[in-house]
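**Q**
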Amino acid sequence: MALRVYNTLTREMEEFVPLHGKKVNMYVCGPTVYDHCHLGHARSYISFDVIRRYLSYRGYDVRYISNVTDVDDKIINRAKETGEDPFYLSARFTRSFIEDMTSLGVKKPDVQPTVTGHITEIVDAIKLLILRELAYPTPEGNVYYDLTMSKKKIGILSHQTEEGLMEGSGARIDVEKDKKYPLDFVLWKSSAESEPGWDSPWGRGRPGWHIECSAMSMKYGSEQLDIHGGGADLIFPHHEAEIHQSEGCTGKHPFSKYWLHNGFLTIDKEKMSKSVGNFFTIKQVLEEFPPEVIRFFILNTHYRNTIDFSRTHLEEAGRAYERIANTIINVRYAIENTPGGDTDSGLSDEISKARDQFTISMDEDFNTREALANLFIFSRKVNAIISGSSPGRPALEAVLGFFSEIDEVLGVFGKDISGAPEGKTGGFSDEQIDAMILKREEARMAKDWKRADTIRDELKEKGIVIEDGKEGVRWRRA
RNA sequence: GCCGAGGUGACAGAGUGGCCAAUGUGACCGCCUGCAGAGCGGUUUUCCGGGAGUUCGAAUCUUCCCCUCGGCACCA
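Be aware that the first sequence starts at 140, since it is given in our numbering, and climbs by one per residue.
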């Protein structure tokens with residue numbers, strides 16, 4: 140079975156074949172750090188995190204590059220509003236972004252370059268474009284990409300026509316007077332005295348938004364990428380501009396073999412925006428929901444579809460997540476209470492079936508939704524086998540091993556697999572809890588239900604949940 | 001105006017020509033249980049926006065219509 144991906148460039152499902160054997164160069168556009176990241180960012184970076192992890196799972200040698208845009212007009216404007224130094228502001232929100240990604244279990248990119256750290260490369264790329272007559276400097280100290288030189292490529296990714304682009308948005312373009320052609324985009328922008336800027340052959344200025352991604356992907360990836368990803372809103376103009384620039388610099392086509400774009404996230408069916416007041420930062424949501432639930436929620440919809448966020452949907456995702464988490468806890472509990480024996484009870488078969496299903500689902504353009512659905516089926520079978528027969532320890536450990544294996548990709552169940560204590564430590568030590576359970580057991584033996592329930596309530600108040608199983612009592616901190 | 005995505009049970013959401021259309025949530029019933037929880041089994045569940053067509057066979061392909069959402073130079 141082959142991995143297939145949907146390529147925005149061709150608008151088709153294609154078999155995934157990297158340019159160089161098993162080596163995959165993957166670049167995903169990172170955030171502009173002028174504010175805390177919102178749920179839309181979470182959606183995008185979790186989606187690509189899973190794509191990256193799955194490629195590794197499939198045996199590819201992935202180099203994952205994701206930038207941070209730390210100089211940009213939005214940052215400058217925000218800094219003017221708050222009176223902060225723009226560099227200080229961007230550093231602050233870069234930290235916030237990295238914190239959020241860590242919370243959400245997004246693996247660190249192999250390289251995470253910043254714009255301010257790559258001015259030289261950016262200037263060099265612009266020089267090269269000018270040299271090749273694909274860009275032109277203006278007396279105002281700006282440099283534009285000359286789209287009239289690569290008109291054939293207009294609409295290459297957005298699949299829009301030149302006329303369509305001119306008509307539709309023409310009225311909305313601020314046509315800088317020094318532009319030769321309305322669709323030309325800026326590579327270098329002159330900076331006012333008060334704005335951040337770097338010296339360049341064209342005067343003091345700063346990079347335009349698009350050029351950084353070209354410069355950095357060429358430096359850390361290669362002249363041609365296997366996968367370029369980002370939110371669907373970046374298709375035009377950002378990614379299309381990257382194609383012009385990068386192919387202009389290298390003369391190689393395609394700049395990226397596959398273009399993958401994640402769908403939007405809406406809030407109560409509306410696009411998230413500050414003016415509507417339905418704007419949620421990752422930090423806000425993390426105050427209410429555990430990160431694994433947020434991740435589960437996002438993976439519960441295919442990455443290309445619109446996903447609608449609402450408290451109700453997240454709560455529902457939380458309950459669904461618990462089903463699998465409980466299965467894992469059940470397995471762990473069974474392992475602890477199984478002396479040994481090599482009874483398999485059909486678990487090995489279920490594992491290999493589940494593994495096949497997982498690969499089949501993920502191979503189809505990273506269909507995490509279907510992968511999770513199959514995991515539910517697997518969970519149900521495992522639960523049934525555990526309560527029906529008494530599988531031996533090795534078989535149970537294999538189940539746990541399988542969960543751990545696929546969690547390398549999903550990154551959702553780590554806590555449940557390792558059995559790391561969750562939540563607050565409560566007011567009781569393990570010894571105290573065990574003692575209380577023992578007392579409750581005595582009460583239950585004596586059929587003193589009232590006393591038994593009092594003890595259970597007492598523990599519950601401290602956040603400790605007691606569950607009576609047929610093989611004994613177990614507890615966990617919730 | 002141009003371009004795109006989509007309309008599947010109460011809700012969420014897979015499936016893209018062929019077993020009575022996954023899976024989860026909710027609700028209800030049953031098993032288990034002193035009770036609760038977790039789990040298991042079942043019901044809700046002849047749910048594919050509408051019409052026409054192609055086909056032995058359509059949620060899936062073609063065509064027309066209706067509706068929703070999004071992009072179009074700030075955007076993940």
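Backbone N, C-alpha and C fix where the C-beta goes; we use that ideal spot for every residue, glycine too.
#1: Give me the Cα-Cα distance between residue 382 and residue 195, rounded to the nearest whole angstrom.
#2: Counting only the same chain and skipping the five closest in sequence on each side, list residues whose C-beta sits under 6 Å from that of residue 163.
#3: When we look at the beta-carbon of residue 154 and count the other beta-carbons within 10 Å, is it buried (16 or more) or exposed?
#4: How would you label residue 521, buried or exposed, when you count the other beta carbons within 10 angstroms and need 16 or more for buried?
#5: Provide the residue span of the beta strand (DSSP E) that contains residue 328, from first to last.
#6: If you pair each beta-carbon of the stretch 404-415 with each one of the stretch 373-380, do three or more pairs fall below 8 Å?
#7: Taking just the CA atoms, how far does residue 401 sit from residue 180?
#8: If you count every other CB in all the chains shown that lies within 10 Å of the CB of residue 595, and 16 or more means buried, which is it?
#9: For residue 444, does the count of other Cβ atoms within 10 angstroms reach 16, so buried, or fall short, so exposed?
#10: Would you call residue 600 buried or exposed, if buried means 16 or more other Cβ atoms sit within 10 Å of its Cβ?
#11: On the CB-based measure, 16 or more other CB atoms within 10 Å of its CB, does residue 396 come out buried or exposed?
#12: Pull up the distance between the alpha-carbon of residue 236 and that of residue 573, whole angstroms please.
#13: So, under 8 Å CB-CB, residue 359 and residue 252 are touching, yes? Tell me the CB distance rounded to an integer number of Å.
#14: Closest by CA to residue 533, which one among 604, 185, 487?
#15: Let's test the definition: count the other Cβ atoms within 10 Å of the Cβ of residue 434 and tell me whether it reaches 16, buried, or not, exposed.
#16: Straight-line CA distance for residue 429 to residue 249?
#17: According to DSSP, which residues form a beta bridge with residue 151?
#18: I'd like to check one pair, residue 525 with residue 469: are the Cβ atoms closer than 8 Å?
#19: Does the stretch 267-276 come within contact of the stretch 207-219, defined as at least 3 CB pairs closer than 8 Å?
#20: Would you call the stretch 320-328 and the stretch 276-291 touching, i.e. three or more CB-CB distances under 8 Å?
#21: Taking just the CA atoms, how far does residue 246 sit from residue 188?
#22: When you compare the CB positions of residue 266 and residue 346, do they come within less than 8 Å of one another, or not?
#23: How would you label residue 478, buried or exposed, when you count the other beta carbons within 10 angstroms and need 16 or more for buried?
#24: So the candidates are 212, 241, 551, 388; which of them puts its Cα closest to the Cα of residue 361?
#25: Which two residues bound the contiguous beta strand (DSSP E) that contains residue 367?
#26: Is the Cβ-Cβ distance between residue 626 and residue 456 less than 8 Å?
#27: Could you tell me which whole beta strand (DSSP E) segments of length 3 or greater appear in the stretch 425-492?
#28: Rounded to the nearest angstrom, what separates residue 351 and residue 557 at their Cα positions?
#29: If you draw a straight line from the C-alpha of residue 144 to the C-alpha of residue 509, how long is it?
#30: Taking the alpha carbon of residue 159 as the point to measure from, which residue in 223, 518, 473, 363 has its own alpha carbon closest?
#31: Which word fits residue 515, buried or exposed, when buried means at least 16 other C-beta atoms lie within 10 angstroms of its C-beta?
#32: Can you tell me which of the three DSSP states residue 398 falls into?
#33: Under DSSP, the beta strand (DSSP E) around residue 274 begins and ends at which residues?
#34: For residue 437 and residue 424, what's the separation of their Cα atoms in angstroms?
#35: Excluding the 5 residues flanking residue 258 on each side, which residues of the same chain have their C-beta closer than 6 Å to its C-beta?
#36: If you draw a straight line from the C-alpha of residue 473 to the C-alpha of residue 555, how long is it?
**A** So, from the data block:
#1: 26 Å
#2: 157, 194, 199, 201, 365
#3: exposed
#4: buried
#5: 325-329
#6: no
#7: 10 Å
#8: buried
#9: exposed
#10: exposed
#11: buried
#12: 41 Å
#13: 6 Å
#14: 487
#15: buried
#16: 26 Å
#17: 146
#18: yes
#19: no
#20: yes
#21: 7 Å
#22: no
#23: exposed
#24: 388
#25: 364-370
#26: Only positions 140 to 617 of the chain appear in this structure, which leaves residue 626 out of reach.
#27: 446-448
#28: 41 Å
#29: 15 Å
#30: 363
#31: exposed
#32: strand
#33: 274-276
#34: 13 Å
#35: 337
#36: 14 Å
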